[in-house]
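First comes the structure, then the notes that go with it.
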Amino acid sequence: MWHWKSLLIFLCLCSWALNANATEVIVQKGDTLTGVLKKTKLSDFEVHQWLYASNLVKEIGRLDPGDKIKLLTEANDTQLIYQSTTGKVVKFIKLADGTVMVDQPLKIRPVKRSFQGFSIKHSLTVDGRAAGLSYNLLQALADIFAWEMDFSRDLKDGDQVQLIVEQKELDGRYLSPPEIVFAKIVQKNKIREAIRHVDADGHIGFYNSKGQSLVRSFLRDPLNYSRISSSFSLHRQHPVFGGLRPHSGVDLAAKRGSPVWATSTGKVIFAGIKGGYGKAIIIKHGSRVSTLYAHLDRICPEIRNGSLVSAKQIIGYVGSTGVATGPHLHYEFRIDDQPKDPMAIDLPRLKPLTGMAYLKMLAERQQWLAMVMSEYAYT
C-alpha cells in the first residue's frame, strides 16, 4: 500500500509531466533561427507562427554558437526562452489562441562582487579552503598565475592572497560559480596583480598593472617538481663522470611517473633514446626556439617525430633512463641551438593592452583596489 504522502507526490509529478514539456537546443556554428526552432520538434506551421506572429527575429538578433533556446510547453501556453552566451535573455509567451507576446526581458547582472582574502600558513589549498574558497576557484587562481609562479613552491608563510570575485544571477538565482576579476598576491619582496579584461570580441585575459599579459608564450615549468636538484651551469661538477662539464639545462626532481608536459605549442622533432639523455623528446617552437625533456621513464604513445603538441599537453613521465642518479627531468631551453637557463630567461609575453583598452583596465583596477582597501580599513 502507498503512503498518502508518497501518493500525493506521485500524482503531482504525473500532473507536471502531463502539463509541461521542455526542450532545449544549443546553437551550433551555421545554425539559423528557423533550423533551431525545427530542432525543438515544432511543426513547420508552428515555426512560421513563432517567426512571423512576433518580433522573435528582431528581439533575438544574430545567433552565436553556444546560445540556448528552450521551448517549454504547458497546459495554457508555450514559452520560448532565448539565452545568449553574453548574458542576454528574452522570454516569449504564445497563448492558446496563437497570440505571441514578448515578456519583460530577464536581467542577468553581476550582483555579487565580493572580497575574499586569507594569509598563507600552510598552502594555497589548505588555507584557501579554510577561508571558504572552493577548489575550483583556487585552481582558477593557480591557472591565472601559472606563467608567473608556482604556488606550491613560491608561496611562503605570511604571504597574503587577496581576491575580488564576481557572480551573475538570473531573477535571484546564481547562474555560475564565482569568477575572479582581480587577484593580488602580497609577498615580502614582491607584489603580483592580475586584472581581468574582456576585449571587444568577448575574449577574457588577465594583465598586470602595466598592461602586460600574464600569459606568456612558454610555461615556466614543464612539470610539478619538488626541487631543483641541479641548476643550469657552464661549469658543473658532473655527478657520474666527475670533472667540470657544462650543464645545459636544469634537473627537476620529482617522483618517478610524474607527468611531464610541453611548455608551449610546437612540433616534435625527436622522440626516442638519445645517448646519455635516455628517453628524450625535443620540441621545435617556431624557427629559433627548441626545448628538450630527458631521462623520461616513458614517452606517450602519440608523441613521435612530426607530432604537433600544445602547451601543457602531457608528453611523457619522469624516470631515470640514460645517465642519471635518480628520477628527475632534465629540461633544456635553446635559442638558435644555444642553451639558456630555463629558470632565468625572460619568457616572451602575449600582446599587451594599449590605448583605450589599457585605460579601461586601469580604471577597473582602481575599482578593485578600492574594494580591497575598504576591507582592510575595518580590520
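Residue numbers for the sequence shown follow this note's numbering, beginning at 7 and rising by one.
The beta-carbon is built from N, C-alpha and C at its ideal position, and this holds for glycine as well.
DSSP state of residue i mapped onto helix, strand, coil
i: H128; result: coil
i: I351; result: coil
i: E154; result: coil
i: D303; result: strand
i: V329; result: coil
i: V274; result: strand
i: T40; result: helix
i: A286; result: strand
i: Q122; result: strand
i: L240; result: strand
i: G134; result: helix
i: F247; result: Any reading at F247 must be qualified, since the residue scores a pLDDT of 48, below 50, and its modelled position is unreliable; no value is offered.
i: R198; result: strand
i: K45; result: helix
i: H209; result: coil
i: V96; result: strand
Of the residues the options, the one placed nearest residue i, counting alpha carbons only
i: Q34; options: S90, L62 and L86; result: S90
i: K285; options: P358, H336 and D205; result: H336
i: A259; options: I87, V378, V324 and I66; result: V324
i: G36; options: V329, L314, T269 and D70; result: D70
i: I341; options: T331, A330 and P354; result: P354
i: T331; options: G278, S235 and F188; result: S235
i: G93; options: L365, K174 and F276; result: K174
i: L240; options: N230, V256, R119 and V167; result: V256
i: Q166; options: H54, K127, K76 and T38; result: K127
i: N230; options: K162, L356 and A152; result: A152
Outcome for residue i when other beta-carbon atoms lying within 10 angstroms are tallied against a minimum of 16
i: M107; result: exposed
i: T6; result: What the structure shows of the chain is the stretch from 7 to 385, and residue 6 is not part of that stretch, so it cannot be assessed.
i: P183; result: exposed
i: I289; result: buried
i: M379; result: exposed
i: P228; result: buried
i: V132; result: exposed
i: P333; result: buried
i: T360; result: exposed
i: W374; result: buried
i: S158; result: exposed
i: G372; result: Note that residue 372 corresponds to Gln in the displayed sequence, not to Gly. Q372 is exposed by the Cβ-count criterion.
i: N25; result: Interpretation of N25 is limited by its pLDDT of 41, a score under 50 that renders its predicted location unreliable; the figure taken from the coordinates is listed afterwards. Flag for N25 reads exposed.
i: I170; result: buried
i: D73; result: buried
i: F247; result: With a pLDDT of only 48 at F247, under the threshold of 50, the placement of this residue in the model should not be trusted; the figure read from the coordinates follows. Exposed: under 16 other Cβ atoms inside 10 Å.
Within 8 Å, strictly: CB atoms of residue i and residue j
i: R202; j: M155; result: no
i: E381; j: G123; result: yes
i: M377; j: Y213; result: no
i: A189; j: L147; result: yes
i: T271; j: S316; result: yes
i: G281; j: G328; result: yes
i: V31; j: T40; result: no
i: G312; j: K273; result: yes
Residue i CB to nearest heavy atom of the ligand GTP below 7 Å
i: D70; result: No copy of the ligand GTP appears in this structure; indeed no ligand is present at all.
Does the structure place the region 259-270 close enough to the region 316-323 that three or more beta carbon pairs sit under 8 Å? yes
At least three beta-carbon pairs within less than 8 Å, the region 185-195 to the region 300-313: no
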